[in-house]
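Novice: Pasting a structure below so you can have a look.
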Amino acid sequence: MKKMTLSLAAAAVLGSLTFGIGAASAAPASPAGIQAAPMVETVQMTRGERRMMRHHRMHRHMMHRRHMMHRRHMMRHRMMHRHMHRM
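Right, here's the structure in full:
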């Protein structure tokens, strides 16, 4: 019984020491798997990058408009074609 109590106490002391060392260091060596949060750094865009993004957005918008106009035109064409066959 005394041996069991002594071994549990020793395990608790060793576990707390290991946890303390793991939490204090930056390495993910802790038994609980606790890791330090990564540092996130924001970077400001340059003028050229901003211009390229704007250009890309405008190009996508233009292509979308063109696609929608084409769909509308084709739908109208199809409707006219249907009406011609019904006559």
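Using mature numbering (1 follows the signal peptide of the UniProt record, and there is no 0), the letters of the sequence shown correspond one by one to residues -26 to -1, 1 to 61.
Just so you know, even glycine gets a beta-carbon here, dropped at the ideal spot from N, CA and C.
Can you tell me the Cα-Cα spacing of R39 and H33, whole angstroms?
Specialist: The residue given as residue 39 occupies position 65 in the sequence shown. The residue given as residue 33 occupies position 59 in the sequence shown. Distance between the alpha carbons of R39 and H33: 10 Å.
Novice: Check M13 in the structure and name its three-state DSSP category.
Specialist: Along the sequence shown, read from residue 1 onward, the residue named residue 13 stands at position 39. Three-state DSSP puts M13 in coil, outside helix and strand.
Novice: Quick one, are the C-beta atoms of M13 and M19 less than 9 Å apart?
Specialist: Position 39 of the sequence shown, counting from 1, holds the residue named residue 13. Position 45 of the sequence shown, counting from 1, holds the residue named residue 19. Not closer than 9 Å, so no.
Novice: Between the alpha carbons of R50 and G22, how many angstroms are there, rounded?
Specialist: Here residue 50 refers to the residue found at position 76 when the sequence shown is read from its first residue. Here residue 22 refers to the residue found at position 48 when the sequence shown is read from its first residue. Answer to the nearest angstrom: the Cα atoms are 42 Å apart.
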